[in-house]
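Under mature numbering (1 follows the signal peptide of the UniProt record, and there is no 0), the residues of the sequence shown are numbered -28 to -1, 1 to 249, in order. A short write-up of the structure that comes next.
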Amino acid sequence: DEAKMAARAALCFLVLYVCGADARGADASKPHPHQGILQKYERQPPKKYGISVDGIPVERLRSGKPVLKVLSLKSGFKRAVSIQDVPAPPDVVWGRIMDLDNYPKMVEGCTKCAVYRKKRSLSGKQQVWAKYRICAGPFSMEYFIEHTYEPSKNCMTFHLDYERLSEFSDTVGYWYVERVEDGWSRVYYSADSQLPSWVPGFARDKLIQQALRQSTSWVDRHAQRAMGKGGAEPRPLLRRIKQAGAVALALSLKARFLPGVQPLKAPREALRRLLRK
């Protein structure tokens, strides 16, 4: 029935989130199996995508939480965009976004971001390649990203470095920063990742929405710190509780709705490790 289907879907994306399902092992010496599946973003203003903040109160944009909008592409695919006002000028905001080597200190869940190549053109366009590792509890996924930042367009796009093998099937993304009144900046962010085909569409949407809600908060926090305005750090205990909760929920759903499936040893061990910290 519908409840069981929802539970199976929840189990799918929770296990994917915790365990890094479909991971094959990142390898810089091997090419990726394709040159891109997802439609890449172009470096252009949000209005070119039909995105605006018309009708959204400034108070909501400056509430410290992102506002979510949806893009409808010609392919029929939908992408969500996160929009948030940050109390810092664009140069400070871009200073945080492009400080890739310090992502592990700024971005929750990112344990490694090592730049391995840079290229700059006479027009000012910057290309930066970096290897990422993201973690959920004791599990991790590694992938290689090519970023292209054009200051003249106030925009940065990114996608997998297809010359290297990543554990994601595909990932594309977009940052856009515009100056607004009172020394603030309006930050737009969107990213999309190719997940295994067995993950239901609505479950995938839920996962993306959850990620987007946290997407611009770290920029806001660290831009404020750079401006001397403070900005609270994430609470490690709360983060561990959330991670443990995700693992526990996955195990609970499995026990209730998929009793014939063998227990997942890795998530059980993950839960024990998280609770010991």
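Virtual Cβ for every residue (Gly too), placed ideally from N, Cα, C.
Cutoff 7 angstroms: residue i Cβ touching any chain C Cβ
i	result
K201	In summary, chain C is missing from the structure at hand, where a single protein chain is found.
Own chain partners of residue i with C-beta closer than 8 angstroms, once the 5 adjacent residues on each side are dropped
i	result
V30	D57
I213	At I213 the pLDDT is 49, less than 50, meaning the model places this residue with poor confidence; the figure from the coordinates comes in the next sentence. There are no such residues.
residue 258	This structure does not reach residue 258, given that the chain is present from -28 up to 249, and the question cannot be answered.
D155	Checking the sequence shown, residue 155 turns out to be Gly, not Asp. P59, A60 and P61.
I23	K41, L43, V53, I55 and Y160
M199	P59, A60 and V64
D(-2)	R136 and L137
L33	V25, V39, I55, Q56, D57 and R158
Cβ-based burial, residue i [other Cβ within 10 Å; buried from 16]
i	result
H4	buried
A60	buried
D63	exposed
A52	buried
Y88	exposed
S95	exposed
R129	The sequence shown places Thr at residue 129, not Arg. By the 10 Å Cβ count, T129 comes out buried.
H131	buried
D73	exposed
L210	Model confidence at L210 stands at a pLDDT of 46, short of 50, so the residue's coordinates are unreliable; what they give is reported in the following sentence. So L210 counts as exposed.
K91	exposed
When the options are compared against residue i, the one with the closest alpha-carbon
i	options	result
G36	R197, A198, T188 and M199	T188
K20	T83, L43, E153 and V191	L43
C127	Q98, Q7 and S47	Q98
E80	W190, Q196 and R34	W190
S93	S124, I106 and L10	S124
D71	M113, Y121 and E114	Y121
Q11	T143, G200, P17 and I23	T143
S54	W147, G200 and S165	W147
I9	S47, Q16 and P38	S47
D192	P17, P38 and V25	P38
G(-4)	S165, M199, F140 and Q166	F140
Q7	R197, L137 and Q196	L137
Residues bridged to residue i [DSSP beta-bridge criterion]
i	result
T120	Q99 and T129
S165	T143
I28	I28 is not bridged to any residue.
A52	V42
I106	C82 and M113
Y148	C127 and Y160
V58	S157
residue 272	Past the edges of the chain, shown from -28 to 249, lies residue 272, and the structure says nothing about it.
R34	R34 is not bridged to any residue.
R92	Q98
L137	D(-2)
Cβ shell of residue i (< 6 angstroms), same chain only, five flanking positions each side left out
i	result
residue 250	Outside the displayed range of the chain (-28 to 249) lies residue 250, so it cannot be described from this structure.
A163	G145
E135	P3
I106	G81, C82 and M113
residue 256	Lying outside -28 to 249, the shown extent of the chain, residue 256 is not represented and no answer is given.
Nonlocal neighbours in the same chain, by C-beta distance under 7 angstroms from residue i, ignoring five residues either side
i	result
K50	V42, L43 and S44
K201	P59
D26	none
P76	C82, T83, K84 and C85
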